[in-house]
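What follows is a short report on a single structure.
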Amino acid sequence: MRERLESLILQTAADLLAEAGDSEPLAGVTVEAPRQQEHGDFATNAAMVLTKRLRKSPREIAATLIERLGTGDGLIDRAEIAGPGFVNVWLAGGQWHDVLDRILRAGADFGRSDEGKDRKVQVEFVSANPTGPLSVGHGRQAILGDCVARLLEATGWSVVREYYFNNGGRQMRVLGDSVRARYLEQLGKAAAPPLDALQDAEADWPETLDGLPVVFPRDGYQGDYIGEIAAAIRDREGEGWLEEPGEGGFRQEAETRIFADIRRTLDSIGIAFDVYFNENGLYDAGEIDRVLDDLRASGLVYDEDGATWLRASELGLGRDRVIVKSSGEPTYLLPDIAYHREKFGRGFETIIDVQGADHKDQGPYVKAGVQALGHDPDQIEFLFHEFVTLSSDGHTVKQSTRKATFITIDELLADIGVDVFRYFMIERRAQSHLDFDLDLAKEKDWTRNPAYSLQYTHARTFGIERQAEERGVAMPTPEEVDTTRLALPEELELVKKLGEFPEVVSRAASSREPHHIVYYLREVTGLFNPYYQDKDRHEILTEDEGLTRARLGLTLAVRSVMAAGLRLLGMTAPERM
RNA sequence: GCCCCCGUAGCUCAGUCGGAUAGAGCAUCGGUUUCCUAAACCGAGGGUCGCAAGUUCGAGUCUUGCCGGGGGCGCCA
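For my numbering, add 35 to where a residue sits in the first sequence, where the first one is 1.
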């Protein structure tokens, strides 16, 4: 309906330009629902935009526009000039009734669209290396990536969720060494380093302690999970692994167990990846070498100080970057470029990389790399999110993966549950810092919790249904709802808000901003709860069967939108709370 | 020093393509319940949209500078 009105207005405005001999295309004209209800159902700035080009006053143009629009084939009830030259349009009453009818007929599909046209998009997120449990920071990225993927699915894209990981390299060696050290300590063959030495990088590091060697790496992983993995190995192997290198069985065992934990955590917050992509696959397939050769052929690579450099400064970037160290080992950048070329090879039209703020200025280098290889860098989108800071008792809790002072998703879930977790992780837009109050999170009394109130609005529609059943009233089918019976302003306002849902989904999907869904659902809740509550004006279950069916229809429409919205957020939509 | 993000009500944050009187939740204060679930609703107070210029019919929104907070500027990933 908005589309119909919009095209009508755009066409009329274009006609006015054409008649004035101006053949340039029309730009900047909007048709939107105004904030104030008194400003009509829709408002357009067309008259003000055309002022210069038609060399007439906005109000004069507005008057012409209104005259030309007329009733717009029955779409328009009336139109008025307002303020500096807005044209406010009120739709004919029946239009809103049609909207409700469409929502009811669409049911669970309302809000979905095919604008993605089944094009392939990849969303890569989390991508944490298997060195430890997922932290709350990973949680934000996980929920953000998943919700973006859900939005894209709802708008007709063919989505692949992907997790990229690296199980080689220095990090993993340190991990294996850390496990091995704990294993030796548990068998009494080594001494644990003192706590103060672990916590202070400047402190003295003992070679031996009480006659036992200290084998724990100075920069080792300190979390309890390391000791647990070591204990599992000890229980199974006894002293059989005394000669096993950290890089061997210990590293492997740690990776297997940690990855299993990560997957279980992801599963527990409702996330399933389609692809787990191992960086090693790129080496095995010879992709790294091929990319290096191709980059050399592009002339954007040179050798200096024994290392190989990407001439990124030539592509407008800050500085050149090393892609192969003088040791012959590639830096992260080379496999990253190779990985992205591989993504292009899989035919994705759009590639979305969800990453933390600390990766912000690396994106351009990856883009520069793929551009040098002949791909369109604009097909890659980086979606950066700022950090999650945790606070407790008014103080920020310091987090460090290595020192294991971070709060894991698992710990938080035990306190607040998946739905509340997902809600708080997605409520704010990605580029805002997320200050997560642990005390609030651990507070059991969630009666003031906005996550809860969204779910409750959905549950309330079932409460109404149960109440209706008790009175022997069945929920109506779309055919049984005579939408014209809904005439109260608050009912039309609610219908109007529900009708915006597809647009909200579309905008949230194309801007990759799932938080819009949250705020929209809060608005629906904010209209439906008072409507339900104000029993003096409008009980839903009345003596009038037709009116009751219409209001139950409205209730069902609210249910559809709330259910669809909650599903986009990955939250459950309970029937009873 | 350079680059990126943020700065909006007491707190935490929304604010669509630049649009009319800047919103929500929480908190505070006052009220509402023989009722379709009070896990609710109604009302009130609370704003120099960090500061200053600029762009224009119009700026929380765009540009520049400054201030404050966060992140990044490795042959780490």
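All C-beta atoms in this analysis are idealised placements derived from N, C-alpha and C, irrespective of residue type, glycine included.
Any idea which residues DSSP pairs H132 with across the strands?
Taking the first residue of the first sequence as position 1, residue 132 is located at position 97. H132 is not bridged to any residue.
Measuring straight from C-alpha to C-alpha, what distance separates P537 and G588?
What you label residue 537 is simply residue 502 of the first sequence in a count that begins at 1. What you label residue 588 is simply residue 553 of the first sequence in a count that begins at 1. When rounded, the distance between both Cα atoms is 19 Å.
So is G109 buried or exposed if we call it buried at 16+ other beta carbons inside 10 Å?
By one-based count along the first sequence, residue 109 stands at place 74. When all chains shown are included, G109 counts as exposed.
Runs of beta strand (DSSP E) wholly within the stretch 438–506 (minimum 3 residues, chain order):
The stretch 438–506 contains these whole beta strand (DSSP E) runs: 469–472.
Considering only their Cβ atoms, is the gap separating V336 from R376 smaller than 9 Å?
In the first sequence, residue 376 corresponds to position 341, counting from 1. In the first sequence, residue 336 corresponds to position 301, counting from 1. No. Outside cutoff.
Rounded to the nearest angstrom, how far is the Cβ of E278 from that of L222, given a contact under 8 Å?
In the first sequence, the residue the question calls residue 278 occupies position 243. In the first sequence, the residue the question calls residue 222 occupies position 187. Contact doesn't hold; Cβ gap of about 12 Å is too wide.
Please report the residue range of the alpha helix (DSSP H) in which L533 lies.
Here residue 533 refers to the residue found at position 498 of the first sequence. It spans 524–534 - the alpha helix (DSSP H) in which L533 sits, taken as one unbroken run.
So the candidates are S595, D454, V508; which of them puts its Cα closest to the Cα of T496?
Residue 496 sits at position 461 when you count from the first residue of the first sequence. For the options S595, D454, V508, the alpha carbon positioned closest to that of T496 is the one of S595.
Return the CA-CA distance between D413 and Q397, expressed in angstroms with no decimal places.
Counted from its first residue, the first sequence places residue 413 at position 378. Counted from its first residue, the first sequence places residue 397 at position 362. Rounded to the nearest angstrom, the two C-alpha atoms are 15 Å apart.
Measuring straight from C-alpha to C-alpha, what distance separates V122 and E526?
For the purposes of this step, residue 122 is identified with residue 87 of the first sequence, where counting begins at 1. For the purposes of this step, residue 526 is identified with residue 491 of the first sequence, where counting begins at 1. If I take the Cα positions, the gap works out to 24 Å.
In whole angstroms, what is the alpha-carbon distance linking T512 and R520?
Walking along the first sequence from the start, residue 512 turns up at place 477. Walking along the first sequence from the start, residue 520 turns up at place 485. Looking at the two C-alpha atoms, the distance is approximately 15 Å.
In angstroms with no decimal places, state the Cα-to-Cα distance between E38 and D57.
By 1-based counting over the first sequence, the position of residue 38 is 3. By 1-based counting over the first sequence, the position of residue 57 is 22. Rounded to whole angstroms, E38 to D57 spans 25 Å at the Cα level.
Secondary structure at S595, three-state DSSP: helix, strand or coil?
Counting from one through the first sequence, the residue named residue 595 turns up at place 560. The answer is helix: DSSP assigns S595 an H, G or I state.
Can you look up V23 in the DSSP assignment and give me helix, strand or coil?
Summary: the structure shown does not reach residue 23, with the chain confined to residues 36 through 612, and so no result is reported for it.
Among M207, P248, L219, Q257, nearest to D231 - alpha-carbon criterion
To locate residue 231, count along the first sequence from 1; it is residue 196. Distances from the alpha-carbon of D231 to those of M207, P248, L219, Q257 put Q257 closest.
Just tell me which of N80, D136, P93, T86 has its CA closest to the CA of E514.
Along the first sequence, one-based indexing puts residue 514 at 479. That would be D136, whose Cα lies nearest to the Cα of E514.
Per-residue burial, W240 [other beta carbons within 10 Å of its own, 16 or more giving buried]
Within the first sequence, numbered from 1, the residue matching residue 240 stands at position 205. Residue environment: W240 is assigned as exposed (fewer than 16 neighbouring CB atoms within 10 Å of its CB, all protein chains considered).
Would L369 and L418 qualify as a contact pair, given that the criterion is a beta-carbon distance under 9 Å?
Here residue 369 refers to the residue found at position 334 of the first sequence. Here residue 418 refers to the residue found at position 383 of the first sequence. Not in contact: L369 and L418 (Cβ atoms no closer than 9 Å).
Taking the CB atoms as reference points, tell me whether V158 and R196 lie closer together than 9 Å.
If you number the first sequence from 1, residue 158 lands on position 123. If you number the first sequence from 1, residue 196 lands on position 161. With contacts defined as CB atoms closer than 9 Å, V158 and R196 qualify as a contacting pair.
Quick one: residues in its chain with C-beta nearer than 6 Å to the C-beta of E609, no 5 flanking neighbours on either side, listed in chain order?
In the first sequence, residue 609 corresponds to position 574, counting from 1. It is worth fixing the name first, because residue 609 is Pro in this sequence and not Glu. Cβ within range, chain order: Q490, A494.
Inter-residue CB distance, G211 and A289 (contact presumed, cutoff 8 Å):
One-based indexing of the first sequence puts residue 211 at position 176. One-based indexing of the first sequence puts residue 289 at position 254. The Cβ separation is near 6 Å, so the contact holds.
Take V553 and list the residues in its own chain whose beta-carbon comes closer than 6 Å to its own, dropping the five residues that flank it on each side.
Here residue 553 refers to the residue found at position 518 when the first sequence is read from its first residue. Beyond the five residues adjoining it in sequence on each side, V553 comes within less than 6 Å, by CB distance, of E462 in the same chain, given in chain order.
Between the stretch 543–550 and the stretch 178–192, do three or more beta carbon pairs fall short of 8 Å?
With a cut-off of 8 Å, the stretch 178–192 and the stretch 543–550 count as touching, because enough Cβ pairs lie within range.
What are the boundary residues of the alpha helix (DSSP H) that includes K378?
Working through the first sequence from its first residue, we reach residue 378 at position 343. Element bounds for K378: 368–380.
Are there three or more Cβ pairs, one per stretch, closer than 8 Å when the stretch 379–396 is compared with the stretch 339–347?
Look at the beta carbons and you see the stretch 379–396 not touching the stretch 339–347: under three pairs across the two are nearer than 8 Å.
Residue(s) in a DSSP beta bridge with E67
Within the first sequence, residue 67 is the residue found at index 32, counting from 1. Paired residues: A78.
Less than 9 Å between the beta carbons of V389 and V161, yes or no?
What you label residue 389 is simply residue 354 of the first sequence in a count that begins at 1. What you label residue 161 is simply residue 126 of the first sequence in a count that begins at 1. V161 is positioned such that its CB atom lies closer than 9 Å to that of V389.
Alpha-carbon to alpha-carbon, A407 and I415
Counted from its first residue, the first sequence places residue 415 at position 380. Counted from its first residue, the first sequence places residue 407 at position 372. Inter-residue distance for I415 and A407 is about 14 Å (C-alpha atoms, whole angstroms).
I need the DSSP call for D302, collapsed to helix, strand or coil.
Walking along the first sequence from the start, residue 302 turns up at place 267. Residue state, collapsed to three classes: helix.
By the DSSP assignment, the alpha helix (DSSP H) with G321 in it spans what residues?
The residue given as residue 321 occupies position 286 in the first sequence. That residue, G321, is in no alpha helix (DSSP H); it is neither H nor E in DSSP.
Check N564 in the structure and name its three-state DSSP category.
Taking the first residue of the first sequence as 1, we reach residue 564 at position 529. For N564, the secondary structure class from DSSP, reduced to helix, strand or coil, is helix.
Find out if the Cβ-Cβ distance for the pair G281, R208 is shorter than 9 Å.
The count along the first sequence starts at 1 and reaches residue 281 at position 246. The count along the first sequence starts at 1 and reaches residue 208 at position 173. Yes, the Cβ-Cβ distance between G281 and R208 is below 9 Å.
C-alpha gap between Y400 and D254, whole angstroms:
Position 365 of the first sequence, counted from the first residue, corresponds to residue 400. Position 219 of the first sequence, counted from the first residue, corresponds to residue 254. When only Cα atoms are considered, Y400 and D254 end up about 29 Å apart.
Between which residues of its own chain and W125 is the CB-CB distance below 6 Å, once the five residues before and five after are set aside?
Counted from its first residue, the first sequence places residue 125 at position 90. The residues G75, D76, D112, R113, in chain order, have a CB closer than 6 Å to that of W125 in the same chain once the five nearest residues on each side in sequence are set aside.
Cβ contact check for the stretch 295–309 and the stretch 447–454: 3 or more pairs under 8 Å:
The stretch 295–309 is in contact with the stretch 447–454.
Which of the three DSSP states is assigned to E279 in this structure?
The count along the first sequence starts at 1 and reaches residue 279 at position 244. If DSSP states are grouped into helix, strand and coil, E279 belongs with coil.
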